[in-house]
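There are 4 protein chains.
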Amino acid sequence: MTAWSKPRIIDRPVSRLGNILTTTQKEKTRDRILGAAEQVFANKGYHESLVDEIAEEVSLSKGGIYFHFPSKEDLFFSVMDRLADRLVSKAEAAAAQETSPLAKAEAALMEVLLRLGKRRRLARILMVQGYSMGKAFEAKRVEIFGRFAEIIKANLDEAVKAGEIRDVDTAIAAHVWLGAINEIVIRWLYEGTPQPAEAAESLRGILIHGLVVEEPTR
Amino acid sequence: MTAWSKPRIIDRPVSRLGNILTTTQKEKTRDRILGAAEQVFANKGYHESLVDEIAEEVSLSKGGIYFHFPSKEDLFFSVMDRLADRLVSKAEAAAAQETSPLAKAEAALMEVLLRLGKRRRLARILMVQGYSMGKAFEAKRVEIFGRFAEIIKANLDEAVKAGEIRDVDTAIAAHVWLGAINEIVIRWLYEGTPQPAEAAESLRGILIHGLVVEEPTR
Amino acid sequence: MTAWSKPRIIDRPVSRLGNILTTTQKEKTRDRILGAAEQVFANKGYHESLVDEIAEEVSLSKGGIYFHFPSKEDLFFSVMDRLADRLVSKAEAAAAQETSPLAKAEAALMEVLLRLGKRRRLARILMVQGYSMGKAFEAKRVEIFGRFAEIIKANLDEAVKAGEIRDVDTAIAAHVWLGAINEIVIRWLYEGTPQPAEAAESLRGILIHGLVVEEPTR
Amino acid sequence: MTAWSKPRIIDRPVSRLGNILTTTQKEKTRDRILGAAEQVFANKGYHESLVDEIAEEVSLSKGGIYFHFPSKEDLFFSVMDRLADRLVSKAEAAAAQETSPLAKAEAALMEVLLRLGKRRRLARILMVQGYSMGKAFEAKRVEIFGRFAEIIKANLDEAVKAGEIRDVDTAIAAHVWLGAINEIVIRWLYEGTPQPAEAAESLRGILIHGLVVEEPTR
DNA sequence: AATGAATGAGCATTCATTCAT
DNA sequence: AATGAATGAATGCTCATTCAT
């Protein structure tokens, strides 16, 4: 935050370089729409959100929305993508902070959990609303979860190579982790407790413990 | 009206035992509707399923459906409940076969996983469609998952007491388990692989391993 | 008219013969819709007619219309067909009154002309509105005109055989006749004059004269 | 605005002759639009043609179109007028080649028929699309047909005076001729056969024959 | 118990037109 | 002269629900 306060990228550097470095007015409006849509969709779900409401939220006419997005459906997808992009970036950044593969995986996981735990809206859209539509939509949720799973899996693979964890099916493990997060977050969303941050420690214990080398006798 | 005033031959068994042992015609129709609805909902999701379609499926008129169920919403809930009831029973039965608490929990979990893995329809409705509606509906999914979580948790609690597993937050553990199942099943639903039965072993390894006593050094 | 006053077909003879002789309630409503649609379409043209208006005209809800017709487009086609059917019947009946082939053709032609000349609504829909839409619709107009042309042509063919008229291309002749009617009626529709009935004599003279073998004295 | 205040080099020839001999840039663009519109309207009909499409066709923005034409409706009218003007000129030129009144009328008629027969686009717009709109538009078609009718009628009147043809109602006769052309062309448009050029001889035979005083030997 | 015709509120999408630049 | 983002009125169609029989 503070870092941003000094040098700033100028809003409309009209240069011969074209749009490479600039954010056009059109893009800004598009972004405002995305923001408003995110809010409305998170609050009311896809079906109960009206294009009119989103338009009102951005102080734009309904037609204005349709100038930027071909359909309500497409708009929803764009919202999901934007959220996922951000979350993936954060998760990757968190992973980059760590050195050991297992720690990287763990960091990514926790980053996602805690971030979802802080932003109900984000959580609602990513975890829940993705299902709210026909077949076409469900695929989107799967796609996005897949992206997260990839990150986790890649690190787990490294961890296996490094001998940090047992030689389990890392793809399944990655989905187990995500599934766990999903469930915890949803439960929080609907029952209000426990907050993801509170559940984090137990969750980490169970998940990590499930993979580490020390073969339990049982 | 007038036609009804005369005595008519009733085609359903009227016994003094009341409805305890008999299945009235009405109940049979209700059940047929439920079955048809289950199919349609599973295939097309709540919003894309039309009451007309369900009616057609049961060879009943739309009005006929409404004689048995007050609303489409209610019908959907009933379908979910019926499915959940059955699944819970199976899970409990599976648990009853085992003796050690951990084994009971594990058995219940696996039963659910494998059963979902065998019936896409069941899985789709329970795992996915529950979200497909407004706020009111989402709660249903949470409620049902809660029932499963309860069973798991109860057994895990016993397992803790028995010293079979570490003293973790069993509520969270239960949800981790369910979340894992959920994710694996959804992935299978959309990507077709791995089949739950195939993933079962890895899954079991990871989840059980995450709880058992043998403290790993890490 | 008067003929109808005595013996009448009963509205709902519920017999074992089923619907063969009866007009069901549904069919009556369908017919009322057709009538209202005919009026609205004739007055305002296809595009400027609203389904709402038609509904209002029949005192039915918009949904009611859609219960009977799958789309506005289909409704319009049905209106055209109904009108064409009637007109074709009349034309055939008129032809049947005559004995010589040429007289038959002539009678059919005149019947159509005069009937259109009496009912602006009929004329507007058949002659003009058929074009009011995309490709799909234009074909309808062509189809209907084709039906009329067939009748004329068939009789002209006979007339040729009978030596009543010259051996011209009867298909073209039939279309010339229809084109002439079309133009006269449209002109009347828009300029109000001359009324088809007034133009009939001149028209007949020109058209028949164009075909007969020798200078007819008539 | 400020930029415009300075004197600028004008790229269009400004002569004292005004616009009589020069075609301004603006007029050229206007013409290009007209050409593109003609194409689009002919292909898709008025309602299904979008201003956007026409704009794209001319490589102009939608706003650009509106700088030259006040409305889509007006643009369509202009297209019709342009086409009609050309066709009228040709018809008149063709008539001027002949000497006898009847031959003049006949020449004009044939010119129109054959020219329409060569250019589907022209035919579609003039014969069919004129109806494609509300009341206001239909009048245009009537107006244009009226112009053609006038030419025919004037010559027929002369022919009557000259004793070439019978003393029929020339207004009606003119419309009969046009109606015949109309129908033949439309039939060709939709059924592809016979081509106007092929039908011309039969058509001429029937129409002329319908007017001439005695059985023409021709 | 069931039918099926009818309701009516609901809504996404279209597109000609405008206007600041 | 031209752009293109934005407007906003317009409207066909859907579908859960009702209700007279």
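Residue numbers (my numbering), protein chains in the order written: chain S, 106 to 323; chain C, 106 to 323; chain H, 106 to 323; chain U, 106 to 323.
All residues carry an ideal CB built from backbone N, CA and C; glycine is no exception.
Note that the structure is a prediction, hence the values are computed from the model and not measured.
Classify residue i as helix, strand or coil using the three-state DSSP reduction.
| i | result |
| --- | --- |
| G169 (chain S) | helix |
| R121 (chain C) | For R121 (chain C), the predicted model reports a pLDDT of 47, less than 50, meaning its position is unreliable; a value from the coordinates is still stated below. Here R121 (chain C) sits in coil by DSSP. |
| I114 (chain S) | Reliability of the predicted coordinates at I114 (chain S) is poor, the pLDDT of 38 falling under 50, and the value obtained from them is presented with this limitation in mind. Coil at I114 (chain S), not helix or strand. |
Following the continuous alpha helix (DSSP H) through residue i, name the residue where it begins and the one where it ends.
| i | result |
| --- | --- |
| T275 (chain C) | 275-296 |
| Q130 (chain U) | 130-153 |
| L219 (chain U) | 206-223 |
| L192 (chain S) | 177-202 |
| G310 (chain U) | 301-314 |
| I159 (chain H) | 156-163 |
Three CB pairs or more closer than 8 Å across the stretch 292-309 of chain H and the stretch 277-285 of chain U = Yes, since at least three Cβ pairs between the stretch 292-309 of chain H and the stretch 277-285 of chain U fall closer than 8 Å, the two stretches touch.
Examine the Cβ distances between the stretch 161-171 of chain U and the stretch 183-202 of chain U and report whether three or more of them are shorter than 8 Å.
-> Touching, no, given that fewer than three Cβ pairs across the two stretches are closer than 8 Å.
Take every Cβ of the stretch 260-276 of chain C, pair it with every Cβ of the stretch 287-298 of chain C, and state whether three or more of those distances are shorter than 8 Å.
-> Note that the stretch 260-276 of chain C does not touch the stretch 287-298 of chain C; fewer than 3 beta-carbon pairs, one per stretch, sit closer than 8 Å.
Contact the stretch 208-227 of chain S vs the stretch 279-288 of chain C: 3+ CB pairs below 8 Å | Put simply, the stretch 208-227 of chain S does not touch the stretch 279-288 of chain C. Fewer than three CB pairs are less than 8 Å apart.
Count the C-beta pairs between the stretch 241-249 of chain C and the stretch 197-207 of chain C that are closer than 8 Å, then say yes if the count reaches three, no if not.
-> In this structure the stretch 241-249 of chain C does not touch the stretch 197-207 of chain C; the number of beta carbon pairs closer than 8 Å is below three.
Using 8 Å as the Cβ pair cut-off and three pairs as the minimum, do the stretch 306-317 of chain C and the stretch 310-318 of chain S touch?
-> Yes: the two stretches touch, three or more of their Cβ pairs being nearer than 8 Å.
Closer than 8 Å, Cβ to any Cβ of chain H: which residues of the stretch 284-309 of chain U, in chain order?
-> Look at the stretch 284-309 of chain U: the residues with a C-beta under 8 Å from a C-beta of chain H are G284, A285, I286, N287, E288, I289, I291, R292, Y295, E296, P299, A304, S307, L308.
Counting pairs of Cβ atoms below 8 Å between the stretch 139-159 of chain S and the stretch 208-223 of chain S, do you hit three or more?
-> Not touching, per the Cβ criterion.
Near-chain U residues of the stretch 255-284 of chain H (beta-carbon distance less than 7 Å), N- to C-terminal order = From the stretch 255-284 of chain H, only V273, D274, I277, A278, H280, V281, L283, G284 have a Cβ closer than 7 Å to chain U.
What residues from the stretch 132-161 of chain C come within 8 Å of chain S, judged by C-beta to C-beta, listed N to C?
-> The stretch 132-161 of chain C vs chain S, Cβ under 8 Å: K149, G150, H152, E153.
Chain C contacts from the stretch 204-225 of chain S (Cβ-Cβ distance under 9 Å) | Residues passing the 9 Å Cβ filter: L207.
Name the residues in the stretch 163-177 of chain S whose C-beta lies less than 8 Å from a C-beta of chain C; which are they?
-> Cβ contacts with chain C: none found.
May I ask you to list, following chain order, the residues of the stretch 241-253 of chain C that have a beta carbon less than 7 Å from some beta carbon of chain S?
-> Residues of the stretch 241-253 of chain C whose Cβ lies closer than 7 Å to any Cβ of chain S, in chain order: E243, A244, V247.
Taking a cut of 9 Å between CB atoms, which residues from the stretch 187-206 of chain U lie near chain H?
-> Along the stretch 187-206 of chain U, there is no position whose C-beta sits under 9 Å from a C-beta of chain H.
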